[in-house]
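Remarks on the structure that follows.
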Amino acid sequence: MTTRLDAPSAPPTTARTARKLSDRVGRVRELGILVALALVVVPTALVNPRFIQPQSLRDLLLNASIVALLAVGQTLVVITRNVDLSVGSVLGLSAFLTAQQFADHPGTPLLAGIGFGVAVGLACGLLNGLLVALGNVPSLVVTLGTLYVFRGIDYALAQGRQVNAADLPDALLDLGSARVAGVPVLVLVTVVVIVVAAVYLRSYRSGRELYAIGSNPDAAVLAGIPVAKRTLTAFVASGLVAGLAGALWVARYGTVDAAAGTGLELQVVAAVVVGGVAIFGGSGTVAGAALGALLLGTITSCLVVLRIPAFWQQAIAGALLLSAITVDRLLALRLAKALRKSEGSSHA
Amino acid sequence: MEETDLSPPVVELADVSKAFGAVRALSGVSLRLLPGEAHALLGENGAGKSTLIKTLAGVHRPDAGRVLVDGEERRFTAPGDALAAGIAIIYQEPTLFGDLSVAENVFMGRQPLGLGRRIDVATMHARTAELFELLGVRLDPARPTRGLSIADQQLVEIAKALSFDARVIVMDEPTAALSAHEVQRLFGVVRALREQNAAVLFVSHRLDEVFELCQRATVLRDGAFVWSGELAGETPDSLVRRMVGRELSQLYPKQDTTAGEVLLEVRRLTREGVFTDVSFSVRAGEIVALSGLVGAGRSEVARAVFGIDRPDAGEVLVRGKGLKRGSPTAAMAAGIGFVPEDRRQQGLVMDASIERNTALASLGRLSTFGLLRRRTERALAQDWAVTLRLKFARLSDPVGVLSGGNQQKVVLAKWLARRPSVLIVDEPTRGIDVGTRAEVHRLLSELAGQGVAVLMISSELPEVLGMADRVLVMHEGRLVEELSRAEATEERVALAAAGQAVAR
Amino acid sequence: GTTKDSAGQNTGAPTGTAAADPKAPLKEGLKITFLPKQVNNPYFTVAQKGAEQAGTAIKSEVKATGPSDAAASSQVTYINTAAQQRQNALVISANDANAVAPALKTARQQGLKVVTFDSDAAPDARDVFINQATAQDIAVGQVKMIAEAIGGSGEIAILSATPNATNQNAWIETMKTELAKPEYANVKLVETAYGNDDDQTSFQKTQGLLQAHPNLKGIISPTTVGVAAAARYLSSSEYKGKVQLTGLGTPNQMRKFVQDGTVKSFALWDPSQLGYLATYAAAALASGQITGAEGEKFKAGDLGERTIGAKGEVVLGPPTVFTKDNIDKFDF
Amino acid sequence: MRSLLRWETALVFLLVVVALGGQVSTDGAFLSGGNLFYLGLDIGEIALIALPLTLVIVAGEIDLSVASVLGLSSALIGWFWNAGWPLETILPVVIFIGALAGAVNGLLVTRLGLPSLAVTIGTLALYRGLALVVLGDTAVADFPAAYTAFGTTPVPGTNIPYPIALAALLAVLFGIALHASSFGRSVFAIGANEEGARFSGIRVKRIKLSLFVLAGAVAAIAGVVYTFRFSSARADNGLGLELAVVAAVLLGGVSIFGGKGSLFGVLAGVLLLGGLRNLLILQDTSTEVLTIVTGLLLLVSVLAPSITRRLATLRKATT
Ligand SMILES: Nc1ncnc2c1ncn2[C@@H]1O[C@H](COP(=O)(O)OP(=O)(O)OP(=O)(O)O)[C@@H](O)[C@H]1O
Ligand SMILES: Nc1ncnc2c1ncn2[C@@H]1O[C@H](COP(=O)(O)OP(=O)(O)OP(=O)(O)O)[C@@H](O)[C@H]1O
Ligand SMILES: [Mg+2]
Ligand SMILES: [Mg+2]
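Chains as they are written, first to last, in my numbering: chain S, 6 to 353; chain Z, -10 to 493; chain E, 1088 to 1419; chain F, 509 to 827.
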């Protein structure tokens, strides 16, 4: 009744070329950011050699490290086709509560205080995760809501109070400037977090499941992946990292009030996007996101160092951000076209 | 229908009912799957086959009735539960992760682990390659799944189901997108599985496949249980009667028409890496079939003609007038209609209602000064729903709740409502049941009779031979053969498609 | 057409034409709204304490309210609300001199007395402005402090708040005039940066200044947020002791950096006195003791009698300079 | 039953509760003419920008740069005014530039296929930066009273502020466009299934582009309103307003994934947020409560439908 055409032995030997190309597509993103970074740093250093002195490089890394931390957490969430807009508020809340803890209880051990901040972030992330995963509602709306809620709670608790460096233990403040082999401790902490997250996402089942969820949520359910649990995990991780970033914020800046980290969420999302993480989930790496954060931070610093007038800096930063995503996109398009042609050429 | 139950069923559904709102998708259906058998599940579009499968999978929870595994009642609350009970499912619609590699898709959640519970990528790739070997496909386990043709996607789904070493494998229309070669490999694998005493539940609208593969069958009609028993004493006609409850009209009701002027002409169309130098024409009243192997580039040609993709070279003419490249609007204005192959992605807006989907391609005609005339819109949808015998509850229901075949009818309605003079249909009967298929064929034939130029892409040779006035055959992106209705035989088309005809 | 030149100046309705009665008693039970630039800002929290203290002293109700962001226009809603609530007086530090003006004028027409403090609104939109110190006092003091700290010569930079803060810009202008004087011939102002009164931004802008200007010797940051952030950066970097810093800061924020030598001296008025004085002025206006005309006098509790100067301004007094020797005597 | 569960109905119900509750708890001050006038003024710009943004979000995109376009338009008004241009010329030019800014967003999204979230985060910084370049730290305030009166006086013979009258007029136009026209139908189709829309011959790119242009133009109009209302042209006008507008649109029941929503719901959402804010300030509630309430409302807006759905299925399951 339905005889159909029979294919003789399958012809394609295209697999290998296609694979090489797709590997290149994957790798080019991080490479692209590194190139962009070089394009920004080298001319600046030529104009002003001070820019690549140790102090200055340390400052660059330090400035980027907090946004990079948040970007790592955000990546875990974005990969699952969600977004966490509340990170700025979580950081603020954690930073204030940590600072208050240290100020009001001068005997607090260093790690206990930081742990407290992490716990605050974890609690916020848990709330976000529960709402998104159990309520089964869009995370953008939920975390926009908790962005306001957490910030409001922050203000309500702070009541206009500011915790100053003088109120904080020296051990904590030293952490903000301490170095190991010339590398600031905060940067080391960030690198450790990046590595842990990267290995988890690459090589662990539950890490791969995060990609699967973001790639095709319906299929993830059918494949028996515990979607709610994994989504919850991603949000908890993001909250936890934001809590840690809050505690480190205290160490770094030494002055904390309820407004700390306001508006940071857009910077973090920008870093993630520039870092090549697909905003609709399913692909991207934490290393890329962290590099994205570094690139954005470096651009800001360069503009200052190059003595670009203050009023021009924001416009230029915006334009550079746009060119970064545009170039990235054009590269991806070109590679996709190359991929199509190389596959097609085997037909002919 | 007393059966001699020598071995107890591995899986049994007893008096299962399931309703979606007012739609009773299943009412009191029973099914017994014995170890070592291939069991066909048959029924028209919307009969409830996929729903039954999803109930078995734990996707839907039955409103009434029981699911038994090895004689014990089980309550599956999530797909994972069914998997854990040894039931692997190939769903009707592909469920792949486009961003992940083929191997990861196959082993998601069960990746082989190495040191420190880290995923052992090498082993995973090797085992995927073994599975593909078994199925006779050449796919790179490391390539991303995105960009695979529908056939390849289906093969990955099959590999995934096999990798479970499940005792029960359920396949919801696994062959709909496959070519005969792959179907044969699949059947070989199924036979091997049966020898290992696994049970296979098989859904297909192609009865020859059913007879080739299966020993027993269960027939559903309108959600109700109709019949279950051995296939040995059945004929295709008797099965069809059970499925549709009436005698069928002729399957390929081709009317003889006289071809008129050339309506569609394609000249030296090329899209690099996809198809090269494609030229043909279609006359008024003619049905021209575009045949070839899966992946030969037929759909791509159709997309380029309709303006979805921009060709790199060549031109498309309608009634002798050149079309603007890459503009579906221009193609539509010139009178082209296009029923795409992927109805979920390309044909329909799943969340929108039946009437809105039907009207979607005719918005301009349905509005005055840009404002829509709701009543005309509703009347249009109503008319076509009746004409195509659509099975639906309310016109305001989202098309997403319709069965696959009924969804396909809505796509057809959407384009027929425009009364196109050139109609391109890409796999118009994929996933459509026998009864409806005959209707679609009659419809195409009527359209041709009214002077419409029809370009039909189909992977089903009988459909091609039964319907077409002329057959064009593509091989690896090139047009390699053109056959008149008289010349077109199964053999000649198949040879050309395989690239063994003399290139023109 | 309606061009800039053809348009008449937008002069709001002049109010307060009634004559002042210096002997009128201070009314009790007045309802006064205290509207800072931004609630939960430590500086204004201190000012608010002073206002509340004054409120208790004169047996009136002082109610603090306001936006949580310092955007130019967020205060307008609160001004309208105060008018709606039939408050007697409004004590406000304007985020934007012009943006609040229309609302203030409408409110005044409804009988509300308006006192600005810290940052003025358009003069025709308020009755009295309580100036913390004259721009002259502040600018001269700041320039003098930095010049002493860097030993009389070298490059300096300014780290300001937002680009459009009225008072900041007035001070910066005056500082430039002051720097033009011959005694500061060797002091060169190389850049003005804006930290937006945001701790992190100010912190990073400080870094930027130091990288952009290798020969930078000193920084003036005439804003409490900025000077604290700059001090924090300097104290943790290799520039500590090499680059001098002064500005306007609160003793509590700056104590650590004065003690560790990052900052030699800085200045500020007492914000609580500012709130205190403004509240007394508001009460005096609401009681009819004054109308805001030059030369009128009113009693301001512990701060004694004050006289309204030109353009309806009352000056709190020259700022206090804090050094290692006296900083421990202050707590705000 | 079906319509009872609709979010729009719930919003209207909430609005009535807030209005009556506010009226009682403020001794009639809340619904007094004066207060309603101020309430109208306060939500004017948000109501304006929410209109095109609703269409953008229904089409499955987002525009976070609207507040920056507002700021840019304000800065440009000040700049041109300082340069001596007549306002009759300035206003159309500024609105045109706003449309152009929207077109840049739209082109980046449609031509290059970039995600709009990323693009408009970029232009959010770019346009605000350009505003700073144009006007720097200065504020321009000497606009003629005839113009600034639009922001402080009601339409003669009524108690309606001009911005609200304008928003109402535009709301009718946008409502018809979205809900009764073939254009609106296409917008919904694009949001629900972009590829499907393209295969139906809908000019996806062109429509998306036009939506971004609309958003830019209306944001520029909101900038004009803002500038005259505060009689102050500044580069930082409307800073951070984008989240408030997005919040209002989402509160109005528009799906962030596109394809679902109604303009009526959005207007109810804008009114609810504005009304609640006004009421809380009138009752001297502190800002932190305001912030928290805004957030909670957003959470309720997404959770409520999900919860009612669950309750409905539960009820069905138990009976
Ligand atoms: N999620 C759902 N919501 C509402 N109705 C549904 C849903 N899923 C299926 N239905 C309805 O249930 C009936 C059975 O559909 P089902 O998909 O099981 O048919 P089928 O036999 O698999 O058809 P086909 O051969 O076309 O795939 C149809 O009428 C369909 O409209
Ligand atoms: N969704 C898709 N994305 C990317 N590439 C695709 C997709 N579908 C098919 N292809 C590739 O395009 C080429 C031509 O496929 P096309 O679909 O045109 O073939 P076809 O002859 O129409 O077969 P089919 O019966 O599968 O539709 C093939 O190499 C195939 O792998
Ligand atoms: Mg089915
Ligand atoms: Mg095809």
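Glycine included, C-beta positions come from ideal geometry on N, C-alpha and C.
Have a look at PHE121(S) and ALA676(F) and give me their C-alpha separation to the nearest angstrom. 50 Å
Cutoff 7 Å: GLY112(S) Cβ touching any chain C Cβ: Any reference to chain C falls outside this structure, whose protein chains are S, Z, E and F.
Straight-line gap, GLU289(Z) to GLY287(S) (C-alpha atoms, nearest Å): 27 Å
List the DSSP bridge partners of GLY281(Z). MET463(Z)
Proximity test, Cβ basis, 7 Å: ASP88(Z) and chain F: no
Whole runs of the alpha helix (DSSP H) within the stretch 1339 to 1415 of chain E, excluding any shorter than 4 residues: 1358 to 1373
Is it a yes or a no for the stretch 23 to 42 of chain Z touching the stretch 391 to 399 of chain Z, going by three-plus beta-carbon pairs under 8 Å? yes
Closer than 6 Å: is that where the CB of ARG39(Z) sits relative to any heavy atom of ligand 1? The identity of residue 39(Z) in the sequence shown is Ser, whereas the question assumes Arg. For ligand 1, at least one heavy atom lies less than 6 Å from the Cβ of SER39(Z).
Output the distance between the C-alpha atoms of ARG292(Z) and LEU253(Z), rounded to the nearest integer angstrom. 14 Å
Going straight from the alpha carbon of GLU435(Z) to that of MET445(Z), what length do you get? 14 Å
Return the CA-CA distance between GLY536(Z) and SER1155(E), expressed in angstroms with no decimal places. Shown here, chain Z extends from -10 to 493; a query on residue 536(Z) therefore has no answer.
Below 8 Å on the Cβ atoms is my contact criterion, and I expect TRP1258(E) with ILE1225(E) to pass it. Report the Cβ-Cβ distance as a whole number of Å. 5 Å
For chain Z, is any of its Cβ atoms less than 7 Å away from the one on SER581(F)? no
Need the endpoints of the alpha helix (DSSP H) that THR259(Z) sits in, please. Segment 251 to 260 is the beta strand (DSSP E) holding THR259(Z); no alpha helix (DSSP H) there.
Alpha carbons only, please: which of VAL774(F), LYS768(F), LEU681(F), PRO594(F) is nearest the one belonging to ALA518(F)? VAL774(F)
Buried or exposed, going by whether 16 or more other CB atoms sit within 10 Å of the CB of LEU116(S)? exposed
Between the CA atoms of VAL40(S) and GLY280(S) - distance to the nearest angstrom: 12 Å
Report the neighbours of LYS1150(E) on chain F: residues whose CB is nearer than 8 Å to its CB, in chain order. ASP792
Within 10 angstroms of the Cβ of SER306(S), are there 16 or more other Cβ atoms? Answer buried if so, exposed if not. buried
Short check: CB of ALA206(Z) to CB of ALA29(Z), under 7 Å? yes
Cβ closer than 7 Å: which chain F residues qualify as neighbours of THR318(Z)? GLY709, ARG711
Any heavy atom of ligand 1 closer than 6 Å to the CB of SER392(Z)? yes
Just the chain F side, please: which residues come within less than 8 Å of GLN60(S) by C-beta, in chain order? Near GLN60(S) there are no residues of chain F at all, since even the closest Cβ is about 28 Å away, more than 8 Å.
Quick test of your reading: PHE1409(E) and ASP1357(E), contact by CB under 8 Å. State the CB separation rounded to the nearest angstrom. Incorrect: roughly 11 Å between the Cβ atoms, too far for contact.
Could you spell out the range, first to last residue, of the beta strand (DSSP E) harbouring LEU15(Z)? 12 to 22
Which whole runs of the alpha helix (DSSP H) in the stretch 661 to 737 of chain F are 4 residues long or more, in chain order? 670 to 687, 690 to 700, 702 to 707, 712 to 737
Tell me which residue opens and which closes the beta strand (DSSP E) that TRP216(Z) is part of. 213 to 219
Just mark GLN244(Z) as buried or exposed, buried being the case when its beta carbon has 16 or more other beta carbons within 10 Å. exposed
Determine the extent of the alpha helix (DSSP H) in which SER627(F) is found, giving its start and end residues. The identity of residue 627(F) in the sequence shown is Val, whereas the question assumes Ser. From DSSP, the alpha helix (DSSP H) with VAL627(F) extends over 624 to 643.
I'd like to know whether the C-beta atoms of ALA626(F) and VAL757(F) end up nearer to each other than 7 Å. no
Just to check, is the beta-carbon of GLY438(Z) closer than 6 Å to a non-hydrogen atom of ligand 1? no
Step through the CB atoms of chain Z and report whether any lies within less than 7 Å of the CB of ALA228(S). yes
Looking at the secondary structure, which residues open and close the alpha helix (DSSP H) in which MET232(Z) lies? 225 to 233
Quick check: is the beta carbon of VAL246(S) nearer than 7 Å to any beta carbon in chain E? no
Exposed unless 16 or more other CB atoms sit within 10 angstroms - verdict on GLN164(S): exposed
Thinking ALA567(F) and LYS716(F) are a contact (beta carbons under 8 Å), I'd like their distance in whole angstroms, please. 6 Å
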